[in-house]
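The structure appears right after this line, and notes come after that.
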Amino acid sequence: MRPHESMGPIDEGRGARVAAVVRQDRSTNGGSSTNDAVRLSVLGTVRAWRGAVELNVGPPQQRAVLALLLANVGRPVSLDEIIDVLWGSDMPHTAANVIHRYVGMLRRVLEPDLPSRAPGHWLVRGGGGYMVRADPQAVDLLRFRDLFSFAREQLASNGAAAATEQFLRALALWHGPAASGIPAVARQHPAFAALDREHLAAIAEATDVALRCGMVARVMPALRRSAELNPLDEPLHARLVIALAESGRQAEALEVWQSMRLRLRDELGIDPGAELCAAQSRVLDGTLAPTPALPPAPNATATMTPMVRPAQLPAPPAVFAGRRSELADLLAQSAERTGVMAITTIGGMAGIGKTTLAVQLAHHMADRFPDGQLYVNLRGFGPSAVAMDPAEAVRGFLEALGVPHQRIPAGIDAQSALFRSVLSGRRVLVVLDNARDADQIRPLLPGALGCMTIVTSRDPLHNLVATDGAHPLCLDVLNDEEARELLALRLGRPRVSSEPLAVDEIVSLTGRLPLALSVVAARAAVNPTFALADVAGELRTAQGGLDGFASDIRAVFSWSYSALSPDAARLFRLLALHPGPDVSGKVAADIAGMGPTQARLVLAELSRAQLVGEHVPGRFLVHELLRAYAGELVRAQENVADRRAALQRMLDHYLRAAIEEQARFAPRRSAVGVAPPTAGPTSERSPLDWFGVERTVLEGIVRLAAAERFDAHVWQLVWRLEPFYESRGHWHDWAALQQTAVVAARRLADGPGLGQASRGLGRACLLLRRYDDALVHLSAALNEFVEHDDLHGQALTHHAIGLVLTRKGLHTEAIMRARTALELHRQVGDIIGQAQALNAIGWYESSRGNHRAALDSGERSLALFRELGEDTAQSHTWDTLGYAYHRLGNYRQATECLQNAILRHRVSGDRYHEAGSASRLGDNYADAGDRGAAQQQWRIALTTLAEFDPQWATELRDKLNSTAAPTAVA
């Protein structure tokens with residue numbers, strides 16, 4: 013029989029038992045082999061039977077108790093959790109007695125011959141509450157999981173058709189949402205939501221397998237019902253679209269897609285994601301060969317959102333001592349929960365080794381999660397006191413999974429929903445390190461069957477255990493044997509075994525805390541001639557007493573710190589000023605005001621002392637406890653002036669780096685009021701690669717500069733980062749940084765700075781389609797530039813206002829702004845600015861129907877660019893000319909112009925505008941009667957626009973849909 017504690021499908025090696033369960037299921041059609049056996053159901057309405065007779069399980073609240081116990085079958089459910097389900101915070105003072113009474117009545121229903129006060133067979137006490145104890149034949153949830161696991165075995169041994177038959181048997185056990193018929197408030201409990209997610213993932217897997225063998229029509233009823241119950245689930249509807257098309261219902265498939273698109277836009281404010289769009293493209297293209305996991309169609313749309321397999325785990329620890337029993341228990345527990353969405357929490361005090369164990373565990377299990385591993389340090393506890401916003405973490409996960417920036421919605425709820433959708437049907441391991449509390453964690457939990465989450469935190473996370481079924485492990489300090497093992501691995505067994513008394517004293521003085529032991533071992537390792545007795549003596553002197561050492565390791569740190577050279581000690585202190593998460597060697601050198609060669613030597617000394625860690629070449633991490641300790645030291649030993657000077661050097665470094673990288677990427681911007689640049693580029697990487705590596709650090713630097721009132725650095729740094737955020741599509745983050753820059757410049761009373769910051773904020777709002785906000789900020793910028801007689805700033809701002817106005821359909825007003833910008837550019841002698849303004853005038857003229865005027869303005873723009881020898885800068889003007897020729901019906905000339913635009917956009921790496929020109933080339937081909945060429949260009953454009961501009965991408969999909977060949981949608 014199946015162990016009662018098991019929550020998930022069976023593992024390998026239990027096939028014979030499952031086969032027996034399946035045989036019994038077949039012989040009884042879901043019933044029991046005896047006439048009076050009890051059967052319990054939670055997959056739909058909560059019900060119970062004895063033989064063929066349905067039992068009355070009582071009023072709704074009593075049913076809710078049974079439902080919760082069945083959802084957690086084999087696992088004790090505490091009284092607190094049952095109270096939370098029934099009443100929430102508004103519980104009566106008799107709550108516990110009421111629950112005992114409900115359980116007593118349920119026992120009498122299930123076992124009417126049970127003697128009074130007897131413990132019972134089905135409902136038993138355990139874990140401070142109650143649990144249902146049953147075998148797989150008696151509970152539909154267990155039967156479903158075993159049948160589903162058996163189906164997977166059939167897939168491996170007998171093929172898709174045999175597997176589909178078993179999947180259908182498993183799905184037939186569901187009769188609606190889990191735990192139906194209980195109070196609505198109770199139905200919202202995470203345990204029931206988890207069952208519904210399990211059902212969704214099961215339908216997805218069954219559909220994928222059925223598509224392989226042409227049996228999708230058999231799965232269709234369950235797929236349709238599930239889609240009706242989950243109207244916003246994109247992966248589910250993507251499968252419905254494919255399934256309908258495979259069944260010969262292409263027109264209905266496209267109707268489902270269109271309805272889903274409108275529903276997503278109306279209710280979530282987003283456009284369909286990659287999987288749903290790929291399904292539509294496959295219907296349109298007629299590429300409907302069965303596939304195991306519904307990948308995108310083999311055309312341009314296949315690159316919209318690649319199925320990226322993230323591998324974000326940190327390197328496994330070089331030394332892993334002890335924790336063997338904990339690791340074995342966690343591995344066994346995770347194996348038993350294979351096939352469900354499992355959560356493991358690892359708790360304990362700082363320095364106890366939570367992250368080390370979590371990373372070791374994750375590497376042991378990585379091969380169980382073939383779709384990837386995600387990792388994030390949530391910074392829940394650390395000297396910065398600023399925990400990571402869950403929205404930042406989930407955005408990082410979505411990007412790692414290949415979701416384009418512009419497909420990521422703004423709100424955390426929508427982001428979390430998208431994260432769960434992307435993981436649906438995939439097996440991914442998620443490691444959430446250093447979490448503050450359950451609220452920070454919940455938006456980051458996958459909902460997919462087969463995913464697992466490992467969480468580390470100093471917080472015990474009781475809520476996550478109670479409401480989400482997390483498996484908790486609280487670490488204690490190492491035992492004596494494990495502590496000695498750690499020292500032996502770091503120092504060598506001969507050295508440790510030669511001085512057992514000294515080793516025992518070190519173990520005692522460090523309180524067996526792993527981090528403290530590692531620091532002491534590092535001290536001994538870099539001084540191999542020291543006797544361990546001397547090391548213990550130094551530690552004893554620094555300690556000044558043994559009481560409370562396990563909770564306060566300042567003594568160990570101070571002892572290691574005191575052994576540093578003066579330069580290393582000073583750099584260690586000053587590193588506390590850096591916001592993290594990591595720091596490059598060049599930045600460390602500037603913080604301390606030392607040369608790069610000296611900094612490398614000092615960082616090597618700190619690394620040998622285990623006070624910093626070089627996690628990738630040239631980049632260094634400081635453990636949170638050590639960072640906090642360094643923070644105490646820098647405040648105690650560095651005066652305010654010295655700390656400010658170090659901050660100034662650090663901020664100057666990042667500002668210089670931003671200026672140099674921006675000059676390589678967008679060279680037309682001028683430097684304003686900053687320290688002189690360093691010699692040569694800051695990095696051998698491309699500017700965009702530099703930005704990708706440093707982005708998180710840069711955002712922390714901006715926040716730090718604002719908090720410390722280095723306001724000039726704030727607005728200048730943000731200004732220099734504008735082209736990176738714009739080109740990468742991080743428009744929401746860009747807007748947030750620009751808002752910080754506006755506040756800083758206003759606080760500084762820096763009019764030109766306020767103008768630049770406001771203009772940048774307006775441009776970010778323009779890209780986010782927040783046009784009214786954009787006009788407010790651009791108007792504020794213009795006022796500042798006028799007041800300070802900055803003609804160039806005025807010209808650029810008028811140009812930006814014109815872009816907003818034309819987006820709002822105010823083309824005449826946009827032309828007036830562009831003409832003003834043109835005159836201002838002439839006054840300051842900016843010929844490129846004049847060419848850009850002329851092109852803008854041409855675009856706006858064509859937008860209001862004056863296509864010949866547009867051609868005249870465009871030709872004048874081209875002449876100026878040619879005069880300067882600027883070739884790639886002509887790209888936008890060629891695009892304007894192509895649009896105007898198209899509107900005049902000169903399709904051949906339009907094609908030539910738009911192809912010129914596309915070529916120049918491609919040379920400059922401007923993917924967004926290249927896609928725009930490709931889209932317009934498709935329009936031109938369509939009006940010329942070449943539908944095939946039009947669709948080809950639209951698909952090319954869609955590849956990029958789905959990443960940058962979802963609304964435009966949706967318009968392209970509509971065009972593809974409306975121009976599809978009749979055979980594709982018949």
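So the mapping is simple: this note's numbering equals the position in the sequence shown, first residue as 1, plus 12.
Ideal Cβ placement from N, Cα and C applies to all residues, glycine included.
Verify whether the separation of the beta carbon atoms of residue i and residue j is less than 8 Å.
| i | j | result |
| --- | --- | --- |
| Leu529 | Leu499 | yes |
| Pro455 | Leu386 | no |
| His440 | Asp401 | It is worth fixing the name first, because residue 440 is Val in this sequence and not His. No, these two residues do not count as a Cβ contact at 8 Å. |
| Leu410 | Phe431 | yes |
| Leu212 | Asp245 | yes |
| Thr975 | Ala946 | yes |
| Ala222 | Thr176 | yes |
| Asp763 | His810 | Looking at the sequence itself, residue 763 is Gly, so the reference to Asp does not match. Cβ distance not < 8 Å, so Gly763 and His810 don't count as in contact. |
| Glu857 | Ser873 | no |
| Arg984 | His888 | Nothing about residue 984 can be read from this structure; the chain reaches only from 13 to 982. |
| Leu779 | His789 | no |
| Val268 | Leu252 | yes |
| Pro421 | Ile254 | no |
| Val489 | Ile358 | no |
| Ala60 | Ala191 | no |
Using the C-alpha atoms, what's the distance from residue j back to residue i?
| i | j | result |
| --- | --- | --- |
| Leu850 | Leu749 | 31 Å |
| Glu926 | Met464 | 40 Å |
| Ser931 | Gln949 | 6 Å |
| Glu967 | Gly408 | 28 Å |
| Glu644 | Thr368 | 25 Å |
| Glu338 | Ala537 | 28 Å |
| Ala218 | Ser436 | 13 Å |
| Ser920 | His590 | 35 Å |
| Val840 | His804 | 7 Å |
Under the rule that 16 or more other beta-carbon atoms within 10 Å means buried, what is residue i, buried or exposed?
| i | result |
| --- | --- |
| Ala340 | exposed |
| Asn491 | exposed |
| Ser791 | exposed |
| Val89 | buried |
| Val231 | buried |
| Asp152 | buried |
| Phe584 | buried |
| Ser169 | exposed |
| Val65 | exposed |
Assuming residue i is part of the alpha helix (DSSP H), what are its boundary residues?
| i | result |
| --- | --- |
| Thr541 | Per DSSP, Thr541 belongs to no alpha helix (DSSP H) and is neither H nor E. |
| Asn389 | Element bounds for Asn389: not the alpha helix (DSSP H) but the beta strand (DSSP E), 385 to 389. |
| Met377 | 366 to 377 |
| Val1054 | Limits of the chain in this structure are 13 at one end and 982 at the other, which puts residue 1054 out of reach. |
| Phe677 | 652 to 677 |
| Glu871 | 863 to 880 |
Tell me where the beta strand (DSSP E) around residue i begins and ends.
| i | result |
| --- | --- |
| Pro484 | 483 to 486 |
| Asp445 | 441 to 447 |
| Thr357 | 354 to 359 |
| Trp61 | 59 to 62 |
| Met143 | 141 to 144 |
| Ser53 | 50 to 53 |
Please state the DSSP three-state secondary structure of residue i.
| i | result |
| --- | --- |
| Thr11 | The question about residue 11 has no answer here: the residues shown for the chain are numbered 13 through 982. |
| Pro962 | helix |
| Thr468 | strand |
| Ser259 | coil |
| Pro688 | Bear in mind that the predicted position of Pro688 carries a pLDDT of just 43, short of 50, making it unreliable; the figure below should be weighed with that in mind. Looking at Pro688 - three-state DSSP - the assignment turns out to be coil, as it is neither helix nor strand. |
| Glu411 | helix |
| Glu720 | coil |
| Leu207 | helix |
| Leu525 | coil |
| Phe569 | helix |
| Glu511 | coil |
| Gly814 | helix |
Does any C-beta atom of chain D lie closer than 8 Å to the C-beta of residue i?
| i | result |
| --- | --- |
| Leu729 | The structure shown contains no chain D, having only a single protein chain. |
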